[in-house]
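Trainee: This is the structure, below, for whatever I ask next.
Numbering (our numbering), first residue to last: 127 to 550.
As structure tokens, this is what we get:
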């Protein structure tokens, strides 16, 4: 009877294992998560692209005009008397001139390219955060189920001990031992399968974020509905959206490129100086030369193409903002719904656990059958699994809301001229 009493208590308290109120650290440490995100392959690639784009912007700031050095060697032959042959040579130095308006347009283009690369780095950081969060909850789901199945193994062991005790007392047929042993074997099989999935999820997480410590408390907090209003959340998401910022800055790059190409439709002046040694060294010529490169039709069509791309990018940014606004609103409403689903699933799990407890107590008093106990225990287990899944779904939705509004981990990017680094 003592074993049966222990089993009844275990059934009564099995459901709240993952629903008890607690301040559990079920998410990665913010400092460790930030370091893992910056070390992720996606962000590392974006940082390299930002560094390359910074150098390209510097070349636009400095200008691409280069000096041209020329030389010529001649031989003058005088056919009239007195006949003579004289060596002559010359040197020339010239370069294109970058007019102030064109220089300003190219500097603006360089700044726009740097800003776009910075936004791309922020988007890579944000996407890595989403990937980390998804992989983390995949692992956390399997780890939580593994703990639940471990508890079920203990219950099945206690159930088998109770059955053996009743058989020894002559209160139960020997066939009930077979049923109890089969139930224990099934539970152990389920636990082994869940443990395998947990290891696989753990390995996937570590392969993408090798420096992250993968650990969490056994207790999960009770989900709560998101705070604030839908409009407040939508505005926060749009304010911190790297994806939207990148789209707008891409449009800015194309606008700056169109302005630069417009300035290039003017004639390009060239200025230089030359020196010539003629008449066998008897004559020396020093002078200046000026040239103009007249633009052709290609420059006009290049500008028109850039303007068209700029208009298209601006329209795409507007459509993206509308889509992100709708998605943010849907995510906020889904998080509220997920919390309500968990509350209902939790109430159902507690009711099923109570039914299992009562069936176990009745069996301990000689009433009912083992089949009824096992059936109620299976229903209670299904209820616990559903409640746990709903709980993790609600916590995941809440964490996603905080991530997208930059309230979970530092995702804002502040890049100086020398390196890329994130600041909270």
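Ideal Cβ placement from N, Cα and C applies to all residues, glycine included.
Residue 428 to residue 249, Cα distance in whole Å?
Mentor: One-based indexing of the chain shown puts residue 428 at position 302. One-based indexing of the chain shown puts residue 249 at position 123. For residue 428 and residue 249, the distance between alpha carbons rounds to 30 Å.
Trainee: In whole angstroms, give me the CA-to-CA distance for residue 203 and residue 408.
Mentor: As a position in the chain shown, residue 203 is number 77, starting the count at 1. As a position in the chain shown, residue 408 is number 282, starting the count at 1. About 15 Å.
Trainee: Once DSSP output is grouped into helix, strand and coil, what is the label at residue 395?
Mentor: Position 269 of the chain shown, counted from the start, is the residue given in the question as residue 395. Looking at residue 395 - three-state DSSP - the assignment turns out to be strand.
Trainee: I need the straight-line Cα distance from residue 536 to residue 458, nearest angstrom please.
Mentor: Numbered from its first residue, the chain shown carries residue 536 at position 410. Numbered from its first residue, the chain shown carries residue 458 at position 332. The alpha-carbon atoms of residue 536 and residue 458 are separated by roughly 21 Å.
Trainee: Between the beta-carbon of residue 232 and the beta-carbon of residue 430, is there less than 7 Å?
Mentor: Taking the chain shown and counting its residues from 1, one reaches residue 232 at position 106. Taking the chain shown and counting its residues from 1, one reaches residue 430 at position 304. No.
Trainee: If I measure Cβ to Cβ from residue 446 and keep anything under 8 Å in the same chain, skipping five residues before and after, which residues do I get?
Mentor: Along the chain shown, read from residue 1 onward, the residue named residue 446 stands at position 320. Same-chain partners within the cutoff: 369, 370 and 373.
Trainee: Within a Cβ cutoff of 7 Å, which residues of the same chain sit near residue 527, ignoring the five residues on either side of it in sequence?
Mentor: Position 401 of the chain shown holds residue 527. Correct list, in chain order: 352, 359, 457, 458 and 461.
Trainee: What are the start and end residues of the alpha helix (DSSP H) that includes residue 428?
Mentor: Taking the chain shown and counting its residues from 1, one reaches residue 428 at position 302. Segment 423–490, the alpha helix (DSSP H) holding residue 428.
Trainee: What residue does the alpha helix (DSSP H) around residue 408 start on, and which one ends it?
Mentor: As a working note, residue 408 is residue 282 in the chain shown. Residue 408 -> no alpha helix (DSSP H), and no H or E assigned at all.
Trainee: Please state whether DSSP places residue 150 in a helix, a strand or coil.
Mentor: By 1-based counting over the chain shown, the position of residue 150 is 24. For residue 150, the pLDDT reaches just 39, beneath the cut-off of 50, and the residue's location in the model is therefore unreliable, leaving the point undetermined.
Trainee: Considering Cα atoms alone, identify which of 508, 331 and 239 is closest to residue 378.
Mentor: Within the chain shown, numbered from 1, the residue matching residue 378 stands at position 252. Out of 508, 331 and 239, 239 has the C-alpha closest to the C-alpha of residue 378.
Trainee: From residue 394 to residue 402, what distance separates their C-alpha atoms?
Mentor: Locating residue 394 in the chain shown gives position 268, where the first residue counts as 1. Locating residue 402 in the chain shown gives position 276, where the first residue counts as 1. When rounded, the distance between both Cα atoms is 26 Å.
Trainee: If contact is defined by three or more beta carbon pairs under 8 Å, each pair taking one atom from either stretch, is the stretch 151–164 in contact with the stretch 337–347?
Mentor: Because the criterion of three Cβ pairs below 8 Å is met, the stretch 337–347 and the stretch 151–164 touch.
Trainee: Please classify residue 479 as buried or exposed, where buried requires at least 16 neighbouring CB atoms within 10 angstroms.
Mentor: Along the chain shown, read from residue 1 onward, the residue named residue 479 stands at position 353. Residue 479 comes out buried.
Trainee: Is it right to say residue 441 is buried, meaning 16 or more other beta carbons lie within 10 angstroms of its own, or is it exposed?
Mentor: For the purposes of this step, residue 441 is taken as residue 315 along the chain shown, with counting starting at 1. Residue 441 is exposed by the Cβ-count criterion.
Trainee: Among residues of its own chain, excluding the 5 on either side of residue 169, which ones have a beta-carbon nearer than 8 Å to its beta-carbon?
Mentor: Position 43 of the chain shown, counted from the start, is the residue given in the question as residue 169. Answer for residue 169: 163, 247, 250, 251 and 254, listed in chain order.
Trainee: Please report the straight-line C-alpha distance between residue 357 and residue 225, rounded to a whole angstrom.
Mentor: If you number the chain shown from 1, residue 357 lands on position 231. If you number the chain shown from 1, residue 225 lands on position 99. Roughly 49 Å between the two C-alpha positions.
Trainee: Which whole runs of the alpha helix (DSSP H) in the stretch 344–372 are 4 residues long or more, in chain order?
Mentor: Whole alpha helix (DSSP H) segments, 4+ residues: 356–366.
Trainee: What does the alpha-carbon distance come out to for the pair residue 464 and residue 520?
Mentor: One-based indexing of the chain shown puts residue 464 at position 338. One-based indexing of the chain shown puts residue 520 at position 394. Rounded to whole angstroms, residue 464 to residue 520 spans 5 Å at the Cα level.
Trainee: Counting only the same chain and skipping the five closest in sequence on each side, list residues whose C-beta sits under 8 Å from that of residue 197.
Mentor: Taking the chain shown and counting its residues from 1, the one referred to as residue 197 is at position 71. 215, 216, 217 and 218, listed in sequence order.
Trainee: Which same chain residues, not among the five before or five after residue 471, have their C-beta less than 7 Å away from its C-beta?
Mentor: Numbered from 1 along the chain shown, position 345 holds the residue referred to as residue 471. Contacts found: 512, 513 and 516.
Trainee: Nearest to residue 496 by alpha carbon, out of 327, 302 and 391?
Mentor: Numbered from its first residue, the chain shown carries residue 496 at position 370. Of the listed residues, the one whose Cα sits closest to residue 496 is 302.
Trainee: Which same chain residues end up closer than 7 Å to residue 328 when comparing Cβ atoms and leaving out the 5 residues on each side of it in sequence?
Mentor: Position 202 of the chain shown, counting from 1, holds the residue named residue 328. The residues are 265 and 340.
Trainee: Could you give the DSSP three-state label for residue 263: helix, strand or coil?
Mentor: Against the chain shown, residue 263 aligns to sequence position 137. Here residue 263 sits in helix by DSSP.
Trainee: Hey, quick one: how far does the alpha helix (DSSP H) through residue 168 stretch, first residue to last?
Mentor: Counted from its first residue, the chain shown places residue 168 at position 42. Per DSSP, residue 168 belongs to the alpha helix (DSSP H) from 167–188.
Trainee: Quick one: grab the DSSP three-state call for residue 530.
Mentor: To locate residue 530, count along the chain shown from 1; it is residue 404. In the structure shown, residue 530 sits in a helix (DSSP, three-state: H, G or I).
Trainee: With burial defined as no fewer than 16 other Cβ atoms inside 10 Å of the residue's Cβ, what is the status of residue 262: buried or exposed?
Mentor: In the chain shown, the residue the question calls residue 262 occupies position 136. Looking at its Cβ environment, which holds 16 or more other Cβ atoms inside 10 Å, residue 262 is buried.
Trainee: Considering only the beta carbon of each residue, do residue 433 and residue 384 sit closer than 7 Å?
Mentor: Numbered from its first residue, the chain shown carries residue 433 at position 307. Numbered from its first residue, the chain shown carries residue 384 at position 258. Yes, the Cβ-Cβ distance between residue 433 and residue 384 is below 7 Å.
Trainee: Name the DSSP beta bridge partners of residue 416, please?
Mentor: Translated into positions along the chain shown, residue 416 becomes position 290. According to DSSP, which records beta bridges pairwise, residue 416 is partnered with 397.
Trainee: Could you tell me the distance, in whole angstroms, from the CA atom of residue 323 to the CA atom of residue 291?
Mentor: In the chain shown, residue 323 corresponds to position 197, counting from 1. In the chain shown, residue 291 corresponds to position 165, counting from 1. Their backbone Cα atoms lie some 36 Å apart in a straight line.
Trainee: What do you get for residue 418, buried or exposed, if any count of 16 or more other CB atoms within 10 angstroms of its CB means buried?
Mentor: On the chain shown, residue 418 is found 292 positions in, with the first residue counted as 1. It is exposed - the Cβ of residue 418 has fewer than 16 other Cβ atoms within 10 Å.
Trainee: Would you kindly check if the distance between the Cβ of residue 306 and the Cβ of residue 286 is under 7 Å?
Mentor: Position 160 of the chain shown, counted from the start, is the residue given in the question as residue 286. Position 180 of the chain shown, counted from the start, is the residue given in the question as residue 306. A contact, by the Cβ cut-off of 7 Å.
Trainee: What do you get for residue 199, buried or exposed, if any count of 16 or more other CB atoms within 10 angstroms of its CB means buried?
Mentor: The residue given as residue 199 occupies position 73 in the chain shown. Flag for residue 199 reads exposed.
Trainee: What span of residues does the alpha helix (DSSP H) with residue 160 cover, start to end?
Mentor: Reading the chain shown from its first residue, position 34 is the one you call residue 160. Taken as a continuous stretch (DSSP letters only), the alpha helix (DSSP H) holding residue 160 covers 156–164.
Trainee: Span of the beta strand (DSSP E) holding residue 220?
Mentor: Within the chain shown, the letter at position 94 stands for residue 220. Residue 220 -> beta strand (DSSP E) spans 210–222.
Trainee: Considering only C-alpha positions, which residue in the set 503, 523, 533 and 518 is nearest to residue 575?
Mentor: Since the displayed the chain opens at 127 and closes at 550, residue 575 lies outside it and no answer follows.
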